[in-house]
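*Asks:* In my numbering, the protein residues as written are 1037 to 1411.
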């Protein structure tokens, strides 16, 4: 307005200033959240909001764990015995995680494994070793193999300490799995919208998938996902199968004794994911104890992990198109959003079926509550 009131000759002397382009509110909000003085506090309201829900869902499980632990400890006390399982488990767990951290990474691969592969390739040119093309995949294979071996090592050694314990009792029995499949569906139904929000984080698209050459071909992508899934299965056995049950004399505290190292193995990943590991560890550990099986938690974990890789590549427009690295045949996958929503709807459908089957029990419980209410 002030400029328009100036004489025309003066107006021509004032350089025109182009209006700043409008920033979409979503990007502006994400940029604000990414500021260090804001980002550190973002998980706090989320954790406060989720805590009552987790407590309501698992409080009976935690109470049962406390009661079982009390009975178990009292029986040992009356017999004059000590349960050494927690001490042995925590020691084995610390050794396993330390070995993985210091010898399961890129440094050891470069120092030992890569040198062997280099010598192998030189001795057998044209063989299966192709470092120029697959060096990153070989390194991640070493990473996944050391994780799988490290997570399973305590179970291999366990029988040397406690001969009467059955390895299958560490959450590996399948009995009753279908009965609790609705819980898997419920968590997937909650996680997919959450993933769509987290996928907007700038560091999300650059961090996933770990294997950057998975964009090269579907063979690369699927090979990596197979390694990823195998690592997750061993991880679930270690944390949600062996660890929590070996520490069952802690009661519900066995779950939190597992959550601490589980959160710490996420250090180096995006901050919000490391914070989310606290919630995920608590939920998956409680779910394992509730269902007496690791399989529901394992399915939740790999479903989320694979979809996160898909989402990251989709957001970067980097999904692979070639079937194999050296081939010419292509397959363009255009249905990532559709797959997400199909999985989400399927999970909701499973919950609806569970609700219909459980409705007579729910109605009877509601009538009982009304009958017990004071007049």
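No residue lacks a Cβ here, since even glycine has one placed at the ideal position from N, Cα and C.
1. How would you label residue 1088, buried or exposed, when you count the other beta carbons within 10 angstroms and need 16 or more for buried?
2. Assuming residue 1119 and residue 1173 are in contact, meaning their beta carbons sit under 8 Å apart, how far apart are those beta carbons, in whole angstroms?
3. Find out if the Cβ-Cβ distance for the pair residue 1338, residue 1265 is shorter than 8 Å.
4. Around the Cβ of residue 1272, are there at least 16 other Cβ atoms within 10 angstroms (buried) or fewer (exposed)?
5. Considering only their Cβ atoms, is the gap separating residue 1295 from residue 1321 smaller than 8 Å?
6. Quick one: grab the DSSP three-state call for residue 1050.
7. Buried or exposed for residue 1152, going by 16 or more other Cβ atoms inside 10 Å?
8. From residue 1406 to residue 1284, what distance separates their C-alpha atoms?
9. In this structure, what does DSSP give as the bridge partners for residue 1366?
10. Go through the stretch 1205-1257 residue by residue and report every complete run of the alpha helix (DSSP H) that reaches 4 residues or more, in order.
11. Got a sec, what are the start and stop residues for the alpha helix (DSSP H) residue 1162 sits in?
12. Mapping DSSP to helix, strand and coil, what is residue 1305?
13. Give the DSSP-derived three-state secondary structure of residue 1330 in the structure shown.
14. Under the three-state reduction of DSSP, which class applies to residue 1267: helix, strand or coil?
15. If you draw a straight line from the C-alpha of residue 1075 to the C-alpha of residue 1109, how long is it?
16. Let's test the definition: count the other Cβ atoms within 10 Å of the Cβ of residue 1398 and tell me whether it reaches 16, buried, or not, exposed.
17. Under a three-way DSSP split, which group does residue 1324 fall into?
18. Rounded to the nearest angstrom, what separates residue 1150 and residue 1186 at their Cα positions?
19. Given residue 1216, which residues of its chain have a CB within under 6 Å of its CB, disregarding the five upstream and five downstream residues?
20. How many whole angstroms separate the CB atoms of residue 1263 and residue 1357, which I take to be in contact at a CB cut-off of 8 Å?
21. Report all residues from its chain with a CB closer than 7 Å to the CB of residue 1246; omit the five preceding and five following residues, and keep chain order.
*Replies:* The structure says:
1. Within the chain shown, residue 1088 is the residue found at index 52, counting from 1. Under this definition residue 1088 is an exposed residue.
2. Against the chain shown, residue 1119 aligns to sequence position 83. Against the chain shown, residue 1173 aligns to sequence position 137. With a beta-carbon spacing of about 44 Å, residue 1119 and residue 1173 fall beyond the 8 Å limit used to define contacts.
3. One-based indexing of the chain shown puts residue 1338 at position 302. One-based indexing of the chain shown puts residue 1265 at position 229. Yes, Cβ-Cβ distance for residue 1338 and residue 1265 is below 8 Å.
4. Position 236 of the chain shown, counted from the start, is the residue given in the question as residue 1272. Under this definition residue 1272 is a buried residue.
5. The residue given as residue 1321 occupies position 285 in the chain shown. The residue given as residue 1295 occupies position 259 in the chain shown. Closer than 8 Å, so yes.
6. The residue given as residue 1050 occupies position 14 in the chain shown. Confidence at residue 1050 is low in this model, with a pLDDT of 49, below 50, so the placement of that residue should be treated as unreliable; the coordinate-derived value is given next. Three-state DSSP puts residue 1050 in coil, outside helix and strand.
7. As a working mapping, residue 1152 is identified with position 116 in the chain shown. Exposed is the call here.
8. Indexing the chain shown from 1 puts residue 1406 at position 370. Indexing the chain shown from 1 puts residue 1284 at position 248. If I take the Cα positions, the gap works out to 37 Å.
9. On the chain shown, residue 1366 is found 330 positions in, with the first residue counted as 1. Beta bridge pairing from DSSP links residue 1366 with 1358.
10. Runs of the alpha helix (DSSP H) inside the stretch 1205-1257: 1217-1234 and 1238-1243.
11. Within the chain shown, residue 1162 is the residue found at index 126, counting from 1. Residue 1162: not part of any alpha helix (DSSP H); DSSP gives it neither H nor E.
12. The sequence position of residue 1305 within the chain shown is 269, counting from 1. Looking at residue 1305 - three-state DSSP - the assignment turns out to be strand.
13. Mapped onto the chain shown, residue 1330 falls at position 294. In this structure, residue 1330 counts as coil in the three-state DSSP scheme.
14. In the chain shown, the residue the question calls residue 1267 occupies position 231. In this structure, DSSP gives residue 1267 a helical state, which the three-state scheme calls helix.
15. Reading the chain shown from its first residue, position 39 is the one you call residue 1075. Reading the chain shown from its first residue, position 73 is the one you call residue 1109. Looking at the two C-alpha atoms, the distance is approximately 43 Å.
16. By one-based count along the chain shown, residue 1398 stands at place 362. Exposed, because fewer than 16 other Cβ atoms sit within 10 Å of the Cβ of residue 1398.
17. Residue 1324 sits at position 288 when you count from the first residue of the chain shown. Three-state result, residue 1324: helix.
18. Your numbering for residue 1150 matches position 114 in the chain shown. Your numbering for residue 1186 matches position 150 in the chain shown. Straight-line spacing of the CA atoms in residue 1150 and residue 1186 works out to 20 Å.
19. Counting from one through the chain shown, the residue named residue 1216 turns up at place 180. Excluding residues within five positions, the ones whose Cβ falls inside 6 Å are 1327 and 1332.
20. Your numbering for residue 1263 matches position 227 in the chain shown. Your numbering for residue 1357 matches position 321 in the chain shown. With a Cβ gap of about 22 Å, residue 1263 and residue 1357 do not count as contacting.
21. Indexing the chain shown from 1 puts residue 1246 at position 210. Only 1176 meet the Cβ criterion.
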